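Counting from 1, position 241 in the sequence shown corresponds to residue 241 in the UniProt record's numbering; the numbering is continuous, with no gaps. First comes the structure, then the notes that go with it.
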Amino acid sequence: MLSEKEKPICPFCDGKNVELYSSFGTAQLVRQYYCQNCKTVFESIRWSGTADASPEQTQGIQTVGVVGSGTMGSGIAQTFLQSGLSVTLYDIEDEILESNSRNIITNIEKMKVKGKITPEQAESANRNLKVSTKLTDLSGLDLIIEAVPEIKSLKIELFKKLDAVSDPETILATNTSSFSVTEFAANLNHPQRMIGIHFFNPAPLMPLIEIVKSQLTDQTTIDRTRDLFLQIKKRPVICKDTPGYIVNRIARSFYNESLRIVDEGLATHEKVDRIMKKAGGFKMGPFELQDLIGIDINYNTTQSLFDNFQSESRFKPHYLQKEMILANRLGRKTGKGFYKYE
């Protein structure tokens, strides 16, 4: 038993209240010190539900800009809209915006029909959604979050433009799943307002939010961001700016071992998914999740961790994913992945 002085800090969030926990790495059981905060992250992924709202509802962030109206961007916009916030959704083409904003309204209507939100919330969401192809229309907002393709150079250039059109008090956030938030912040005139806000797909349903503090993020930005997600009944976890943060680092074993099991003929992907849902308590199996996220996105995230951890074998991307990308079998968005979709 280590004394309090001998215990290390949590490798993910610098927390000091750590204990020794076990988890499965590639073909081996890994024992490492983590704080209780980070240990509970998987519970947020496995089980649906939301955290209790803060006793004092924050009046801070009320207006949000979302850059990118694809699957994740639309999901983020819907999350804020059905929580009563005003959202300006940006994309590069009117046709894309029209189609994706229509999908958001349709999804909100489905939430109303299912009784997940009230008719008043649905009406407010419809009223509070604005769309634009001009970045200047994002000026004056409390928070701007990007959900553009996972291309580092694209994100860096975008934040330079957002830095120029937004107020100094506006929080600038990235939904990146693997890149350094500190690197993005270093290119800003006001780097202290840069933060990582990592949603999980589907954003309106998944309670967990990884709040990634860069080396340059100030405490005010962290507090405002955390209060926002407590207000809208999400489960925020603050973590360090390390490759993969918490979830994507843990999840590589979840995906990679599943791919190896199927490749070695030990089980079909349907059986793996069924076992993980029935025995493991997961809402979706690893192959269903890859199809939902996008096999290309999942592969690129694994490749990014593999590169950032100096080619450690536990993060090595599996060739099966690469073959599916070459065949344009990317999951739901192309109609075919591990499963077929109409």
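C-beta: ideal position from N, C-alpha, C; glycine also. Because the structure is a prediction, the values reported are computed rather than measured.
Through-space distance from residue j to residue i, alpha-carbon basis
| i | j | result |
| --- | --- | --- |
| L292 | Q192 | 34 Å |
| V131 | Y90 | 6 Å |
| A330 | N126 | Note that residue 330 corresponds to Leu in the displayed sequence, not to Ala. If you take the alpha carbons of L330 and N126, they lie about 31 Å apart. |
| A77 | E257 | 33 Å |
| I261 | Y341 | 24 Å |
| A147 | T176 | 7 Å |
| Q321 | E264 | 14 Å |
| F200 | P317 | 20 Å |
| Q310 | T302 | 13 Å |
| M284 | P202 | 11 Å |
| D218 | Q121 | 33 Å |
| I92 | L135 | 9 Å |
Which listed residue (the options) has its alpha carbon closest to that of residue i
| i | options | result |
| --- | --- | --- |
| I238 | G265, D218, Q215 and I209 | I209 |
| E169 | A122, E288 and I222 | I222 |
| V67 | K240, T220 and S101 | S101 |
| Q290 | G265, K333 and I261 | K333 |
| L205 | I297, M111 and S178 | M111 |
| R314 | Q321, F306 and L320 | F306 |
| residue 365 | S83, I195 and E288 | For residue 365 there is no data in the structure shown, the boundaries of the chain being 1 and 342. |
| E312 | L85, R249 and T268 | R249 |
| A251 | N300, V181, S304 and P286 | P286 |
| S178 | K233, Q121 and S304 | S304 |
| L138 | S166, E93 and S153 | S166 |
| E123 | K213, I104, F254 and K134 | I104 |
| K240 | R226, V212 and M324 | V212 |
| T268 | S253, E288 and N328 | E288 |
Where residue i falls, given that 16 or more other Cβ within 10 Å makes a residue buried
| i | result |
| --- | --- |
| R224 | buried |
| L326 | exposed |
| K160 | exposed |
| G294 | buried |
| N189 | exposed |
| I151 | exposed |
| K278 | exposed |
Endpoints, beta strand (DSSP E) assigned at residue i
| i | result |
| --- | --- |
| E288 | That residue, E288, is in no beta strand (DSSP E); its alpha helix (DSSP H) goes P286 to I293. |
| H198 | M194 to H198 |
| L129 | L129 to S132 |
| K213 | L208 to K213 |
| L228 | It is not in any beta strand (DSSP E) - L228 instead sits in the alpha helix (DSSP H) that spans Q219 to Q231. |
| R235 | R235 to K240 |
| Y90 | S86 to Y90 |
Enclosing alpha helix (DSSP H) for residue i [first to last residue]
| i | result |
| --- | --- |
| residue 365 | This structure gives no information on residue 365, because the portion of the chain shown stretches from 1 to 342. |
| T79 | T71 to L81 |
| S153 | K152 to V165 |
Contact with chain B by residue i, beta-carbon distance below 8 Å
| i | result |
| --- | --- |
| V262 | Considering every chain present, this structure includes no chain B. It has just one protein chain. |
request  = Evaluate contact between the region 240–250 and the region 268–288, counting only Cβ atoms and requiring at least three cross-stretch pairs below 8 Å.
outcome  = no
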